[in-house]
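**Q**
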Amino acid sequence: MNKTLIIRFSSFGDIVQCMSVLNKVKENIPGEIHWVTRADMSSLLLLNKSVDKIWSFEKEKGIIGLIRLALALRRENYSHVYDAHSNLRSRVISLFLFPPNFLRRSKERMKRLLLFTFRKNLFDNPYRGIISYLRPLRQWGIKDALDFSPESWSFQNIELSEYFEKNSIVIAPSAAWEMKRWPISHWKKLIELNPNESFTILGGPGDRFCEDIRAVAPERVFNLAGKLSLIESCYIVNQSKLLISADTGLIHVADILGRKGISLMGPTAFGFATGKHIKTLEVELSCRPCTKDGRGSCSQDTWQKCMVDITPERVTKEISSQLSY
Numbered sequence: 004m005n006k007t008l009i010i011r012f013s014s015f016g017d018i019v020q021c022m023s024v025l026n027k028v029k030e031n032i033p034g035e036i037h038w039v040t041r042a043d044m045s046s047l048l049l050l051n052k053s054v055d056k057i058w059s060f061e062k063e064k065g066i067i068g069l070i071r072l073a074l075a076l077r078r079e080n081y082s083h084v085y086d087a088h089s090n091l092r093s094r095v096i097s098l099f100l101f102p103p104n105f106l107r108r109s110k111e112r113m114k115r116l117l118l119f120t121f122r123k124n125l126f127d128n129p130y131r132g133i134i135s136y137l138r139p140l141r142q143w144g145i146k147d148a149l150d151f152s153p154e155s156w157s158f159q160n161i162e163l164s165e166y167f168e169k170n171s172i173v174i175a176p177s178a179a180w181e182m183k184r185w186p187i188s189h190w191k192k193l194i195e196l197n198p199n200e201s202f203t204i205l206g207g208p209g210d211r212f213c214e215d216i217r218a219v220a221p222e223r224v225f226n227l228a229g230k231l232s233l234i235e236s237c238y239i240v241n242q243s244k245l246l247i248s249a250d251t252g253l254i255h256v257a258d259i260l261g262r263k264g265i266s267l268m269g270p271t272a273f274g275f276a277t278g279k280h281i282k283t284l285e286v287e288l289s290c291r292p293c294t295k296d297g298r299g300s301c302s303q304d305t306w307q308k309c310m311v312d313i314t315p316e317r318v319t320k321e322i323s324s325q326l327s328y
């Protein structure tokens with residue numbers, strides 16, 4: 004019997020994009036699918052019923068814990084292994100496995116060096132992460148590997164402890180690195196420009212600035228930042244009529260689930276959505292992209308110009324367009 008292992012430890016957005024391979028593998032390689040990931044990401048994989056078993060790794064257990072995990076995985080006798088992470092941990096695990104069929108997703112480090120050091124971009128433009136995870140599957144004879152289509156996740160027994168306005172526009176104003184965040188003043192102006200819309204804010208426990216956004220119109224802006232689990236946030240995106248976000252994991256949730264969204268793309272290189280239901284707004288600047296994930300400094304006289312110049316008026320126009328069909 005076929006048994007496939009997928010290795011991807013993190014991050015939230017990358018795991019979501021990598022989950023696009025699950026249905027393709029299940030359809031073309033009948034059998035079990037296992038996934039090894041970081042312990043704090045395990046619950047996310049429960050949402051796709053194509054995953055038969057989840058193996059969790061706790062970073063605190065170090066190299067000894069990693070080797071023990073690798074030995075346990077070796078006993079599974081996998082027929083197919085897909086290293087979708089290609090980092091030190093995934094390579095250590097791969098050394099212990101001897102599957103007849105092995106894939107590794109390249110990080111294309113030379114292309115990254117050329118882009119971020121010498122400003123020579125040899126990547127697909129725009130670079131769509133989901134496609135980069137699907138493309139290696141062609142080596143396993145999956146001819147339609149690149150034919151992306153939205154999927155359904157299993158949100159069972161979700162009982163939100165916080166009130167959620169189902170007919171609201173969901174916004175995700177935070178990001179791991181500040182340089183790829185849309186300015187707070189723009190979020191405030193966006194709410195003012197759309198007086199007939201209610202908004203739900205998603206974010207983490209440290210995103211205290213979200214309360215400043217809510218204060219613009221507290222009667223129709225609901226701040227759930229820091230109040231929900233990762234799964235609950237995904238559920239709300241799935242229930243929303245529209246998501247507005249920068250390059251975050253949540254825009255990829257909307258992408259893979261087929262939910263309407265507006266993606267605000269600034270300095271980063273690899274966060275573009277794949278589906279036509281996500282509209283990407285960006286500003287053409289010669290310095291873009293300048294960072295892999297938002298770290299670094301801005302070379303423009305106007306700091307974060309690539310985000311600042313995506314105006315609230317432009318986003319408002321796109322809201323009207325998205326909600327008209």
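Mind the numbering: the sequence shown is residues 4 to 328 in the numbering used here, read in order.
A virtual CB, placed ideally from N, CA and C, is assigned to each residue, including glycine.
Identify whether Tyr166 lies in helix, strand or coil by the three-state DSSP scheme.
**A** The residue labelled residue 166 in the question sits at position 163 within the sequence shown. Tyr166: coil per DSSP, three-state reduction.
**Q** By Cβ distance below 6 angstroms, which residues in the same chain neighbour Pro315 in space, the five residues on each side in sequence not counted?
**A** Locating residue 315 in the sequence shown gives position 312, counting from the first residue. So the list reads His189, Lys192, Leu193, Leu196, once near-sequence residues are dropped.
**Q** Between which two residues does the beta strand (DSSP E) holding Phe60 run?
**A** For the purposes of this step, residue 60 is taken as residue 57 along the sequence shown, with counting starting at 1. Counting along the chain, the beta strand (DSSP E) containing Phe60 begins and ends at 56-60.
**Q** Is the segment 93-108 close to the segment 279-289, with three or more CB pairs under 8 angstroms?
**A** No, the segment 93-108 is not in contact with the segment 279-289.
**Q** For Glu321, which residues does DSSP report across the bridge?
**A** Working through the sequence shown from its first residue, we reach residue 321 at position 318. Paired residue(s): none; Glu321 is not in a bridge.
**Q** Do Thr294 and Met113 have their beta-carbon atoms positioned less than 8 angstroms apart in this structure?
**A** As a first step, residue 113 is located in the sequence shown; it is residue number 110 there, counting from the start. As a first step, residue 294 is located in the sequence shown; it is residue number 291 there, counting from the start. No, the Cβ-Cβ distance between Met113 and Thr294 is not below 8 angstroms.
**Q** Span of the beta strand (DSSP E) holding Tyr85?
**A** Locating residue 85 in the sequence shown gives position 82, counting from the first residue. Element bounds for Tyr85: 83-86.
**Q** Spatial neighbours of Glu200 within its chain, please: C-beta separation below 6 angstroms, excluding the five flanking residues on both sides.
**A** Along the sequence shown, one-based indexing puts residue 200 at 197. Correct list, in chain order: Ile172.
**Q** For Asp127, which option in Phe225, Met310, Ala276 has the closest C-alpha, if you only look at C-alpha atoms?
**A** Sequence index remark: in the sequence shown, residue 127 carries index 124 (1-based). When each option's Cα is compared against that of Asp127, the closest is Ala276.
**Q** Please state the DSSP three-state secondary structure of Gly261.
**A** Taking the first residue of the sequence shown as position 1, residue 261 is located at position 258. Three-state result, Gly261: coil.
**Q** For a minimum of 3 consecutive residues, which ranges assigned as the beta strand (DSSP E) are wholly contained in the segment 218-250?
**A** Within the segment 218-250, the complete beta strand (DSSP E) runs of at least 3 residues are 224-226, 245-248.
**Q** State buried or exposed for Ile161, treating a residue as buried only when at least 16 other CB atoms are found within 10 Å of its CB.
**A** As a first step, residue 161 is located in the sequence shown; it is residue number 158 there, counting from the start. Label assigned to Ile161: exposed.
**Q** Within 10 Å of its beta-carbon, does Pro331 have 16 or more other beta-carbons around it, so buried, or fewer, so exposed?
**A** The structure shown has nothing for residue 331, since the chain only spans 4 to 328.
**Q** When the distance is taken between beta carbons, is Glu35 closer than 8 angstroms to Asp55?
**A** Taking the first residue of the sequence shown as 1, we reach residue 55 at position 52. Taking the first residue of the sequence shown as 1, we reach residue 35 at position 32. Yes, the Cβ-Cβ distance between Asp55 and Glu35 is below 8 angstroms.
**Q** Per DSSP, what kind of secondary structure is Ala179 in: helix, strand or coil?
**A** Position 176 of the sequence shown, counted from the start, is the residue given in the question as residue 179. Residue state, collapsed to three classes: coil.
**Q** Here's a check: name, in chain order, each residue in its chain whose Cβ is nearer than 7 angstroms to the Cβ of Leu87, leaving out the five neighbours to either side.
**A** Mapped onto the sequence shown, residue 87 falls at position 84. Note that residue 87 is Ala in the sequence shown, not Leu. Cβ within range, chain order: Ile9, Ile10, Arg11, Cys21, Arg108, Tyr136.
**Q** In whole angstroms, give me the CA-to-CA distance for Gln242 and Phe121.
**A** Numbered from 1 along the sequence shown, position 239 holds the residue referred to as residue 242. Numbered from 1 along the sequence shown, position 118 holds the residue referred to as residue 121. Answer to the nearest angstrom: the Cα atoms are 43 angstroms apart.
**Q** Give me the DSSP bridge partner(s) of Gly34.
**A** Residue 34 sits at position 31 when you count from the first residue of the sequence shown. The partner list for Gly34 (beta bridge, DSSP) reads Asn5.
**Q** Is DSSP giving Val173 helix, strand or coil here?
**A** Residue mapping note: residue 173 aligns to position 170 of the sequence shown, counting from 1. In this structure, Val173 counts as strand in the three-state DSSP scheme.
**Q** Terminal residues of the continuous alpha helix (DSSP H) containing Leu193?
**A** By one-based count along the sequence shown, residue 193 stands at place 190. Start and end: 187-196.
**Q** Can you give me the C-alpha to C-alpha distance between Trp38 and Gln325, rounded to a whole angstrom?
**A** Position 35 of the sequence shown, counted from the first residue, corresponds to residue 38. Position 322 of the sequence shown, counted from the first residue, corresponds to residue 325. So the two alpha carbons sit approximately 35 angstroms from each other.
**Q** Name the two residues that bound the continuous beta strand (DSSP E) containing Arg107.
**A** Here residue 107 corresponds to residue number 104 of the sequence shown, with the count starting at 1. Where Arg107 is concerned, the enclosing beta strand (DSSP E) stretches over 104-107.
**Q** Roughly how far, in whole angstroms, is the beta-carbon of Ala249 from the beta-carbon of Leu205, given that I think they are within contact range, below 8 angstroms?
**A** Position 246 of the sequence shown, counted from the first residue, corresponds to residue 249. Position 202 of the sequence shown, counted from the first residue, corresponds to residue 205. Contact doesn't hold; Cβ gap of about 12 angstroms is too wide.
**Q** Can you tell me whether DSSP reads Phe158 as helix, strand or coil?
**A** As a working note, residue 158 is residue 155 in the sequence shown. Of the three classes helix, strand and coil, the one that applies to Phe158 here is coil, per DSSP.
**Q** Taking the alpha-carbon positions, what's the Ser53 to Ser152 distance?
**A** Sequence index remark: in the sequence shown, residue 53 carries index 50 (1-based). Sequence index remark: in the sequence shown, residue 152 carries index 149 (1-based). The straight-line gap from Cα to Cα measures roughly 15 angstroms.
**Q** Among residues of its own chain, excluding the 5 on either side of Gly209, which ones have a beta-carbon nearer than 8 angstroms to its beta-carbon?
**A** Counting from one through the sequence shown, the residue named residue 209 turns up at place 206. Cβ within range, chain order: Gly229.
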